[in-house]
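Peer 1: After the structure tokens below, expect a handful of questions from me.
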Amino acid sequence: MTSYPEPLARLVENLKSLPGIGNRTAERLAFHLIKLSEQEAVDLARAIVDVKKNLTHCKTCFNFTEVDPCPICRDAQRDKTVICVVEQPKDLMAFEKAGSFKGVYHCLLGHLAPLEGIGPEDLTIAALTRRIEAGGIKEVVLATNPDLEGEGTAVYLRDQLADLAAKKAVRITRIARGVPAGAEIENVSSAILTDALTGRQNFDGGRR
Ligand SMILES: [Zn+2]
35 MTSYPEPLAR
45 LVENLKSLPG
55 IGNRTAERLA
65 FHLIKLSEQE
75 AVDLARAIVD
85 VKKNLTHCKT
95 CFNFTEVDPC
105 PICRDAQRDK
115 TVICVVEQPK
125 DLMAFEKAGS
135 FKGVYHCLLG
145 HLAPLEGIGP
155 EDLTIAALTR
165 RIEAGGIKEV
175 VLATNPDLEG
185 EGTAVYLRDQ
195 LADLAAKKAV
205 RITRIARGVP
215 AGAEIENVSS
225 AILTDALTGR
235 QNFDGGRR
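Quick note: the sequence shown uses this note's numbering, first residue 35, plus one each step.
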């Protein structure tokens, strides 16, 4: 087996480090990239560097943004009394694409996964608690994925926030079961996401 020239081998190796890219796909992409014009190659490389340099997390909702607070948190038209809690910014994007949610968001930046050592302190739960404590919130919609970790995270949040929610008269809801169990929000159609939001139900674990 002949080996690639060093720059090509390095490109293939780097591409392989991306999620979902195996050896064959990395090679196919690499051979495509070789055919780019110099300008196209520079544009692509710059786009990668720019997202690293210019994107940060909104300090309110932890969405990716160029400016802090992000455009959603700054938007006077959004209903700041309803917070939709999602795992990742890409879930937020899915809800935004569906276009039916007019409130604001909170990105946890993950889900609880005790076996992988991911605990509450690794998520943005403290920041969410502070947002509720600050007041003016009427509803927190738990929109974590309907899989094992997402459900576990929703139940943890419900229990964790129960007393504070009761004190502040905040309703805690969970998106409806329209989202197939085990599905990932980012892959669910806009119509189903809209139904799931519309049909959201109280999620109080019988504590009220
Ligand atoms: Zn924000």
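We treat Cβ as the ideally placed atom computed from N, Cα and C, and that holds for glycine. Predicted, not measured: the structure shown is a model, and the values here were computed from it.
1) Work out the CA separation of Glu-130 and Gln-176 for me, nearest whole Å.
2) With three or more C-beta pairs closer than 8 Å as the rule, is the region 174-192 touching the region 135-151?
3) Could you tell me which of Ala-110, Pro-123, Gly-153 sits nearest to Gly-137, measuring between CA atoms?
4) Go ahead and pull the three-state DSSP assignment for Tyr-190.
5) Please go through the same chain and pick out, in chain order, the residues whose beta-carbon is closer than 8 Å to the beta-carbon of Thr-207, but skip the five residues on each side of it.
6) Using only Cβ atoms and a threshold of 6 Å, which residues come within that distance of a heavy atom of ligand 3? Order them by chain position.
7) Mind checking Thr-158: buried by the 16 CB within 10 Å criterion, or exposed?
8) Does the region 147-156 come into contact with the region 92-100, if we say contact requires no fewer than three beta-carbon pairs (one atom in each stretch) closer than 8 Å?
9) Buried or exposed for Arg-80, please, with buried defined as at least 16 other CB atoms from any protein chain shown within 10 angstroms of its CB.
10) From Ala-225 to Asp-77, what does the alpha carbon distance come to, in whole angstroms?
11) Could you give the DSSP three-state label for Thr-94: helix, strand or coil?
12) Express the C-alpha separation of Ile-82 and Leu-67 in angstroms, rounding to a whole number.
13) Can you check which of these residues, His-91, Ile-171, Val-120, is closest to Asn-179 by C-alpha distance?
14) By Cβ distance below 7 Å, which residues in the same chain neighbour Gly-170 in space, the five residues on each side in sequence not counted?
15) Output the boundary residues of the alpha helix (DSSP H) element that contains Cys-107.
16) Cα separation between Val-189 and Gln-73?
17) Only counting the same chain, and skipping five residues up and downstream in sequence, which positions put a Cβ closer than 6 Å to that of Arg-242?
18) Kindly give me the distance between the Cβ atoms of Ala-75 and Leu-45, rounded to whole angstroms, as I take these residues to be in contact under 8 Å.
Peer 2: The relevant details are as follows:
1) As a working mapping, residue 176 is identified with position 142 in the sequence shown. As a working mapping, residue 130 is identified with position 96 in the sequence shown. Strictly speaking, residue 176 in this sequence is Leu, with Gln absent from that position. Spanning the two alpha carbons is a distance of roughly 16 Å.
2) yes
3) Looking up residue 137 in the sequence shown gives position 103. Nearest option by C-alpha distance: Ala-110.
4) As a first step, residue 190 must be located in the sequence shown, where it is residue number 156. Residue state, collapsed to three classes: helix.
5) On the sequence shown, residue 207 is found 173 positions in, with the first residue counted as 1. Closer than 8 Å at the Cβ level, and outside the excluded window around Thr-207, lie Glu-173, Val-174, Val-175, Leu-176, Arg-234, Gln-235, Asn-236, Phe-237.
6) Ligand 3 is not among the ligands present in this structure, which contains only ligand 1.
7) Looking up residue 158 in the sequence shown gives position 124. Thr-158 comes out buried.
8) no
9) The residue labelled residue 80 in the question sits at position 46 within the sequence shown. It counts as exposed.
10) The residue given as residue 225 occupies position 191 in the sequence shown. The residue given as residue 77 occupies position 43 in the sequence shown. Using only the alpha carbons, I get a separation of about 35 Å.
11) Along the sequence shown, one-based indexing puts residue 94 at 60. Correct three-state label for Thr-94: coil.
12) Taking the sequence shown and counting its residues from 1, the one referred to as residue 67 is at position 33. Taking the sequence shown and counting its residues from 1, the one referred to as residue 82 is at position 48. About 14 Å.
13) To locate residue 179, count along the sequence shown from 1; it is residue 145. Measuring from the Cα of Asn-179, the nearest candidate turns out to be Val-120.
14) Your numbering for residue 170 matches position 136 in the sequence shown. Only Lys-114, Thr-115 meet the Cβ criterion.
15) By one-based count along the sequence shown, residue 107 stands at place 73. From DSSP, the alpha helix (DSSP H) with Cys-107 extends over 105-108.
16) Along the sequence shown, read from residue 1 onward, the residue named residue 189 stands at position 155. Along the sequence shown, read from residue 1 onward, the residue named residue 73 stands at position 39. Roughly 50 Å separates the two Cα atoms.
17) Locating residue 242 in the sequence shown gives position 208, counting from the first residue. Residue confidence for Arg-242 is low, a pLDDT of 43 falling below 50, so the modelled location carries little weight and cannot support an answer.
18) Here residue 75 corresponds to residue number 41 of the sequence shown, with the count starting at 1. Here residue 45 corresponds to residue number 11 of the sequence shown, with the count starting at 1. At roughly 11 Å, the Cβ-Cβ gap does not stay under 8 Å, so Ala-75 and Leu-45 are not in contact.
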